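Structure, as structure tokens:
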Amino acid sequence: MSTTTDRATRIKSRVEEMGIFFEKQGHSPMKGRVLAFLLLAEPPYKDFYEIQEFLQASKSAVSNALNHLQDEGIIDYITFSGDRRRYFRVNCNSWLKSIRGKIDQVTTLKDLLKAVLVERQDSKHLDFNEGLEEIVEFHEFISEKIEILLEEWKNKKGIS
Numbered sequence: 001m002s003t004t005t006d007r008a009t010r011i012k013s014r015v016e017e018m019g020i021f022f023e024k025q026g027h028s029p030m031k032g033r034v035l036a037f038l039l040l041a042e043p044p045y046k047d048f049y050e051i052q053e054f055l056q057a058s059k060s061a062v063s064n065a066l067n068h069l070q071d072e073g074i075i076d077y078i079t080f081s082g083d084r085r086r087y088f089r090v091n092c093n094s095w096l097k098s099i100r101g102k103i104d105q106v107t108t109l110k111d112l113l114k115a116v117l118v119e120r121q122d123s124k125h126l127d128f129n130e131g132l133e134e135i136v137e138f139h140e141f142i143s144e145k146i147e148i149l150l151e152e153w154k155n156k157k158g159i160s
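The sequence shown: position 159 = 159 (this note's numbering), numbered continuously.
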């Protein structure tokens, strides 16, 4: 019995920890808590009411978090024959694609900032432009390294 209680306490602690992390990233804490619970759940899927009960949260807060996580492709749901409930789970493949999409955004931002610098070439505020140039250089550096890492990852996983 105490092992089950210890596990539940650890899970609740992790759920709160991830909620705080996501909040610091600009997301709602509930989104982080829902994701954390689904990552730690055994089995790795839970229905709406199980999520709500564990998190002790309102229906609307849980529903909003689930909708946002689905929109981002981080979670999806499954159903079972004869059971009308939807069971939510982390979709690892889709989450990985979402991460790759965010990596692509680094390149897009770099290109946009380069265009901004072209428009600002006649500016008298050279210190500001130099700051932007530093950001562009940083993005270029990160983009190059990410491309190398992605190739290494693909080779490691046998992905073409």
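For glycine and all other residues, C-beta sits at the position ideal for the given N, C-alpha and C. Quick caveat: nothing in here was measured; it's all calculated off a predicted structure.
Using the C-alpha atoms, what's the distance from T107 back to F128? As a position in the sequence shown, residue 128 is number 128, starting the count at 1. As a position in the sequence shown, residue 107 is number 107, starting the count at 1. Going by the C-alpha atoms only, they are around 21 Å apart.
Which ranges does the alpha helix (DSSP H) cover as unbroken runs of at least 4 residues, wholly within the stretch 92 to 131, from first to last along the chain? Taking only runs of at least 4 residues, the alpha helix (DSSP H) segments lying wholly in the stretch 92 to 131 are 92 to 119.
Rounded to a whole number of angstroms, what is the C-alpha to C-alpha distance between Y45 and N91? Here residue 45 corresponds to residue number 45 of the sequence shown, with the count starting at 1. Here residue 91 corresponds to residue number 91 of the sequence shown, with the count starting at 1. Here the alpha carbons of N91 and Y45 stand approximately 10 Å from one another.
Do you know how far the Cα of P29 is from the Cα of F22? As a first step, residue 22 must be located in the sequence shown, where it is residue number 22. As a first step, residue 29 must be located in the sequence shown, where it is residue number 29. For F22 and P29, the distance between alpha carbons rounds to 6 Å.
What is the DSSP secondary structure of I20, counted as helix, strand or coil? Residue 20 sits at position 20 when you count from the first residue of the sequence shown. Of the three classes helix, strand and coil, the one that applies to I20 here is helix, per DSSP.
The stretch 34 to 53 in contact with the stretch 68 to 88 per 3-pair CB rule at 8 Å: Contact holds: three or more Cβ-Cβ distances are below 8 Å.
To the nearest angstrom, report how far apart K114 and I159 are at their CA atoms. Here residue 114 refers to the residue found at position 114 of the sequence shown. Here residue 159 refers to the residue found at position 159 of the sequence shown. Rounded to whole angstroms, K114 to I159 spans 32 Å at the Cα level.
Measure the Cβ-Cβ separation of W95 and I78 and say whether it is below 9 Å. Within the sequence shown, the letter at position 95 stands for residue 95. Within the sequence shown, the letter at position 78 stands for residue 78. Using a Cβ distance threshold of 9 Å, W95 and I78 do not count as a contacting pair.
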